[in-house]
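What follows is a short report on a single structure.
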Amino acid sequence: MTIAPKAMPKYDGEHDGEDDCGHDKMRVSLIFEAAGPMTTVQDLGRYGAQRMGIPPSGALDPVSLRLANALVGNPQGTAGLELRFLGPKIRIEGGPVRIASVGTYAPIDILEPTPVRIPSGRSVLLADGQVFRIGGIPDTSCSYLAFSGTFDLAPLFESMATFQASRLGGLDGRAIQDGDRIDLIVDEPPLGPDRMLMRSFEWDDRAPIRIVPGPQADYFTQEAFETLLSEPYEISRMSSRMALRLEGAPLDHAKGFNIPSDGVVNGSIQVPGNKMPIILMVDRQTTGGYPKIATVISADLPRLGRALPGQKLRFAAVEVEEAEEIRRRMESDIQSLIDAIGSTSSTVEDMNSVLMRQNLISGAISASGQDG
Numbered sequence: 023m024t025i026a027p028k029a030m031p032k033y034d035g036e037h038d039g040e041d042d043c044g045h046d047k048m049r050v051s052l053i054f055e056a057a058g059p060m061t062t063v064q065d066l067g068r069y070g071a072q073r074m075g076i077p078p079s080g081a082l083d084p085v086s087l088r089l090a091n092a093l094v095g096n097p098q099g100t101a102g103l104e105l106r107f108l109g110p111k112i113r114i115e116g117g118p119v120r121i122a123s124v125g126t127y128a129p130i131d132i133l134e135p136t137p138v139r140i141p142s143g144r145s146v147l148l149a150d151g152q153v154f155r156i157g158g159i160p161d162t163s164c165s166y167l168a169f170s171g172t173f174d175l176a177p178l179f180e181s182m183a184t185f186q187a188s189r190l191g192g193l194d195g196r197a198i199q200d201g202d203r204i205d206l207i208v209d210e211p212p213l214g215p216d217r218m219l220m221r222s223f224e225w226d227d228r229a230p231i232r233i234v235p236g237p238q239a240d241y242f243t244q245e246a247f248e249t250l251l252s253e254p255y256e257i258s259r260m261s262s263r264m265a266l267r268l269e270g271a272p273l274d275h276a277k278g279f280n281i282p283s284d285g286v287v288n289g290s291i292q293v294p295g296n297k298m299p300i301i302l303m304v305d306r307q308t309t310g311g312y313p314k315i316a317t318v319i320s321a322d323l324p325r326l327g328r329a330l331p332g333q334k335l336r337f338a339a340v341e342v343e344e345a346e347e348i349r350r351r352m353e354s355d356i357q358s359l360i361d362a363i364g365s366t367s368s369t370v371e372d373m374n375s376v377l378m379r380q381n382l383i384s385g386a387i388s389a390s391g392q393d394g
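Heads up: take any position in the sequence shown, counting from 1, add 22, and you land on this note's numbering.
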């Protein structure tokens with residue numbers, strides 16, 4: 023196994039003025055030779071606008087976006103690309119720019135000028151003219167691609183998150199299309215070695231989704247709660263970024279299925295007249311007129327964001343205090359992953375050490391080495 027060290031390319035991006043400290047800003051362009059079917063600009067969401075009917079939107083799996091940003095040296099909430107089911111093919115104009123993909127096993131394939139495959143969970147520095155793609159994404163409903171720098175797009179309520187239903191945010195409020203161009207503003211050329219996660223964030227897809235009682239819990243029979251906690255539900259193919267529609271055992275209402283519209287949150291579980299639960303997600307409406315039997319705890323929302331149609335879910339009830347402690351532990355784990363990010367190695371000996379720490383290999387040898 024040999025890993026050639028990479029020379030630092032000359033910065034070819036356009037100058038775009040200076041930042042507040044007098045440093046030159048650079049402009050790098052992303053040319054989408056193929057966009058992928060559902061690629062959008064997303065960050066950690068838009069807050070403070072629900073009173074005007076604008077939902078938070080943002081990443082379905084904010085954990086992976088935060089980790090991808092950490093790999094390229096961005097603040098964790100910087101906007102990146104959310105990829106769903108099939109990634110894009112992108113040409114770099116200007117550069118260099120550092121990129122990283124997190125959330126899927128699908129690698130980054132650098133196509134030009136020299137084919138190279140970069141695993142998910144590590145960054146790579148690309149120069150002017152290089153082309154890369156991410157192919158099929160079969161293991162999750164969403165993954166994230168981060169770039170060193172900030173998209174040159176106008177924020178709305180301090181967020182670039184795309185909300186397609188109202189054509190807000192992102193690139194003209196829509197999914198990216200073939201031939202589109204997005205510019206990056208880079209404060210300074212990305213220097214130093216590429217970086218890698220020393221381990222992946224651990225998703226336990228077999229564990230139940232944890233819930234707390236909803237604001238209209240009294241609108242349901244006791245049997246409805248018992249059913250929700252004991253029966254499996256399957257994610258419908260009619261699901262979207264707005265909501266996960268579930269199929270399974272019906273949940274009976276005790277007081278009817280209409281209420282005066284009131285506020286909803288990410289993870290609210292509504293039950294309309296057909297008695298099938300609906301979990302509201304990031305592009306949800308801001309109010310709803312169906313009773314809400316339960317709310318998914320915030321720590322489990324990224325797992326739901328990653329869930330695929332046809333996947334089966336089970337639910338488990340927890341107390342609010344327990345939900346808060348679960349979230350604190352999750353945040354601690356995320357920060358530990360970020361704090362442990364290491365530089366990628368350019369020698370067999372160093373890479374051997376890294377892979378062994380991740381329990382990926384038991385040893386490695388150099389093909390060019392000689393017996394003593």
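Think of the CB as a built atom: it goes at the ideal place given N, C-alpha and C, for glycine as much as any other residue. Source: prediction; values computed, not measured.
What separation, rounded to the nearest whole angstrom, lies between the Cα atoms of I363 and G99?
17 Å
For F179, which of P78, D361, V286, K111 has the nearest alpha-carbon?
P78
Which residue from L250, L213, D216 puts its Cα closest to that of P230?
Looking at the Cα atoms, L250 is the closest of the given residues.
Report buried or exposed for A338, applying the criterion of at least 16 other Cβ atoms within 10 angstroms of its Cβ.
exposed
So, for S86: in the same chain, excluding its five sequence neighbours on each side, which residues have a beta-carbon less than 7 Å away from its beta-carbon?
V124, G125, S165, Y166
Where does the unbroken alpha helix (DSSP H) through L175 begin, and where does it stop?
Unbroken run through L175: none, as it is neither H nor E.
Neighbourhood of G95 by C-beta distance below 6 Å, restricted to the same chain and skipping five residues each side
Cβ within range, chain order: S170.
Could you tell me which of A246, I356, Q199 sits nearest to L52, measuring between CA atoms?
Q199
Quick test of your reading: I257 and V293, contact by CB under 8 Å. State the CB separation rounded to the nearest angstrom.
Actually they are not in contact, since the Cβ atoms of I257 and V293 sit about 16 Å apart, beyond 8 Å.
Run of the alpha helix (DSSP H) containing A229, from where it starts to where it stops:
First-last for A229: undefined, no H or E at that position.
So I156 and G109 are supposed to be a Cβ contact under 8 Å. How far apart are they, rounded?
3 Å
Delimiting residues of the beta strand (DSSP E) encompassing L147:
145-148
Measuring alpha carbon to alpha carbon, tell me which of K111, M48, Q307 ends up nearest V119.
In this structure, M48 is the residue among K111, M48, Q307 with its C-alpha nearest to the C-alpha of V119.
Taking only the alpha-carbon atoms, compute the straight-line gap between V376 and T366 and give it to the nearest angstrom.
In this prediction, V376 scores a pLDDT of 44, lower than 50, which makes its location untrustworthy; no coordinate-derived value is stated.
In or out: V304 buried (at least 16 other Cβ within 10 Å) or exposed?
V304 counts as buried, since no fewer than 16 other beta carbons sit within 10 angstroms of its beta carbon.
Taking the straight line between their C-alpha atoms, what separation do you get for T369 and L193?
Reliability fails at T369, whose pLDDT of 36 lies under 50, so the model's placement of it is uncertain and no value is given.
Pick helix, strand or coil for A316, following the three-state DSSP scheme.
strand
CB-CB under 8 Å to P254, same chain, minus the five flanking residues each way: which ones, in chain order?
G270, K334, L335, R336
If you count every other CB in all the chains shown that lies within 10 Å of the CB of V286, and 16 or more means buried, which is it?
Answer is buried; the Cβ neighbour count reaches 16.
Name the residue from D174, V138, M264, D227 whose alpha carbon lies nearest to the alpha carbon of S188.
M264
In chain order, each alpha helix (DSSP H) run of at least 4 residues that lies wholly inside the region 67-131
Taken in chain order, the unbroken stretches of alpha helix (DSSP H) that lie wholly in the region 67-131 and span 4 residues or more are 84-94.
Which class does Q292 belong to by DSSP, given the choice of helix, strand or coil?
strand
Inter-residue spacing [alpha-carbon to alpha-carbon] between G158 and N280
Cα to Cα, the separation comes out at about 41 Å.
Can you check which of these residues, R349, Y69, I114, is closest to I319 by C-alpha distance?
R349
Given M182, which residues of its chain have a CB within under 7 Å of its CB, disregarding the five upstream and five downstream residues?
V63, D65, A101, F173, L175, G191, G192
Less than 7 Å between the beta carbons of D150 and G117, yes or no?
yes
Among the candidates T317, Y241, S262, E248, whose CA atom is the shortest distance from the CA of P282?
Y241
DSSP state of Q392 mapped onto helix, strand, coil:
Below a pLDDT of 50, predicted positions are generally treated as unreliable, and Q392, at 41, falls in that range; no measurement from the model is reported.
Are the region 340-348 and the region 67-81 touching by the rule of at least three beta carbon pairs closer than 8 Å?
Cβ pair count under 8 Å is below three, so no.
The beta strand (DSSP E) enclosing Q64, as first and last residue numbers:
62-64
Could you tell me whether the Cβ atoms of K111 and A56 are closer together than 7 Å?
yes
By how many angstroms is the C-alpha of L302 removed from the C-alpha of L206?
Rounded to whole angstroms, L206 and L302 show a C-alpha spacing of 32 Å.
Simplified DSSP state of S365, which is helix, strand or coil:
strand
Which two residues bound the contiguous alpha helix (DSSP H) that contains F1?
Because residue 1 is not part of the residues shown, which for the chain are 23 to 394, the question remains open.
Does the beta-carbon distance from D83 to P331 come in below 7 Å?
No, the pair does not count as a contact, with Cβ atoms beyond the cut-off.
Counting only the same chain and skipping the five closest in sequence on each side, list residues whose C-beta sits under 7 Å from that of P129.
R139, I140, P141, S142
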